[in-house]
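Trainee:
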Amino acid sequence: MRHLIVLTCVVVFGAAKITIDLEAAVKSFYGTLPRDVFLKSPTPWGDLYKTYNWEEIRTILRVSGVRIKRNSFKKTVVLSHDFENPSNLTIKVNAGLSQSVENTITTTWSQSKEFSVAQEFEYDFSVIFAKTSGTTEISFTSTYGKSEERSESVTIGSTSAVEIELKPGQSATAVLTAKKSELEIEVTYVATLRGNVAVNFRKSYKGHHFYGPSVIAVLKSAGLETEIMTYETIKLGTFMEASLKVFDKDTGLPL
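Residue numbers (mature numbering (1 follows the signal peptide of the UniProt record, and there is no 0)): -16 to -1, 1 to 239.
(1) With distances taken from CA atoms, which of A79, V61, T91, D31 is nearest V85?
(2) Go to E168, then tell me how far its alpha helix (DSSP H) extends in each direction, as first and last residue.
(3) Among all the DSSP beta bridges, which residues are the ones paired with V183?
(4) Nearest by alpha-carbon distance to N87: which of T35, L17, V138 is it?
(5) If you draw a straight line from the alpha carbon of T235 to that of A156, how long is it in whole angstroms?
(6) So what does DSSP say about K229, is it helix, strand or coil?
(7) Alpha carbon to alpha carbon, what distance is there between S165 and M224?
(8) Would you check if the distance between the CB atom of A8 and the CB atom of L203 is smaller than 9 Å?
(9) Thinking just about the alpha-carbon of each residue, which of R134, Q83, T210, L237 is nearest to the one in I140?
(10) Can you tell me the Cα-Cα spacing of N184 and D5, whole angstroms?
(11) If you draw a straight line from the C-alpha of T222 to the C-alpha of E136, how long is it?
(12) Since S12 is in the alpha helix (DSSP H), which residue starts that stretch and which ends it?
(13) Measuring CB to CB, does A182 end up less than 9 Å from L32?
(14) Does the stretch 66 to 81 touch the stretch 184 to 194, meaning 3 or more C-beta pairs lie closer than 8 Å?
(15) Compute the Euclidean distance between the alpha carbons of K219 and I169, then round it to the nearest angstrom.
(16) What residue range is occupied by the uninterrupted alpha helix (DSSP H) comprising G30?
(17) Using 8 Å as the Cβ pair cut-off and three pairs as the minimum, do the stretch 44 to 60 and the stretch 169 to 179 touch?
(18) Identify whether V146 lies in helix, strand or coil by the three-state DSSP scheme.
(19) Just the Cα atoms here: how many angstroms apart are T214 and W93?
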């Protein structure tokens, strides 16, 4: 009875799977059907991987490219407030303003084929954000294949040391502005396999029963794909460079 093994990769999203019949692929590589194929230890016959120092099949994942799809900055009025002096005396007013705003990060995933890696890995895009958004205060760590949405409340502005003088009957408007940055990045990943397929032939093939061909060579011989692309879109919305200015309400001149 032949020992049938298929290479099964669990999909990142959902429960569907892709399967590759390695026996059929090995047959296309050698021209004859093997009795057994294995992906990793242990195997019979003293464990072929250890005996011949073969590498077990594993998934290799790498970032192949990062593309900036959008990088915009827009000055936004976050909050404004009017101050009045209805008295007959010159008064001092604290014109400080502060406001809580939300910095947001969302990640979504798409893929050319359903594929997954055996383990999760994390990466840090703080360097990219520093170059594109002009700040080094953003540090974002994401997990492969996991769509996420995060937000963080931060307070911008100042409520102290913003003292102004208002003459009798004078009015002023304090305006808190900030630069709203919207950054969209597409990250491309390439997943491939690495290692040796442990093969056993029932009858001696060219003088041997055991062979350990490269899994990539086997896949290519069967006309199967050796790489699968996955794409992550990261959207980042942040407030930065907050500024507080006070203007005379009648003349519009800064105070």
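Built from N, CA and C at the ideal position, the CB exists for glycine as well.
Keep in mind the model is a prediction, meaning the values are calculated, not measured.
Mentor: So, from the data block:
(1) V61
(2) Looking at the DSSP string, E168 is not in any alpha helix (DSSP H); the run it does join, the beta strand (DSSP E), is 155 to 178.
(3) V21, Y195
(4) Measuring from the Cα of N87, the nearest candidate turns out to be V138.
(5) 10 Å
(6) strand
(7) 7 Å
(8) The Cβ-Cβ distance between A8 and L203 does not fall below 9 Å.
(9) Checked all of R134, Q83, T210, L237; the closest Cα to I140 is Q83.
(10) Straight-line Cα distance between these residues: approximately 15 Å.
(11) 10 Å
(12) 6 to 14
(13) Yes, the Cβ-Cβ distance between A182 and L32 is below 9 Å.
(14) no
(15) 7 Å
(16) G30 -> alpha helix (DSSP H) spans 28 to 35.
(17) yes
(18) coil
(19) Answer to the nearest angstrom: the Cα atoms are 7 Å apart.
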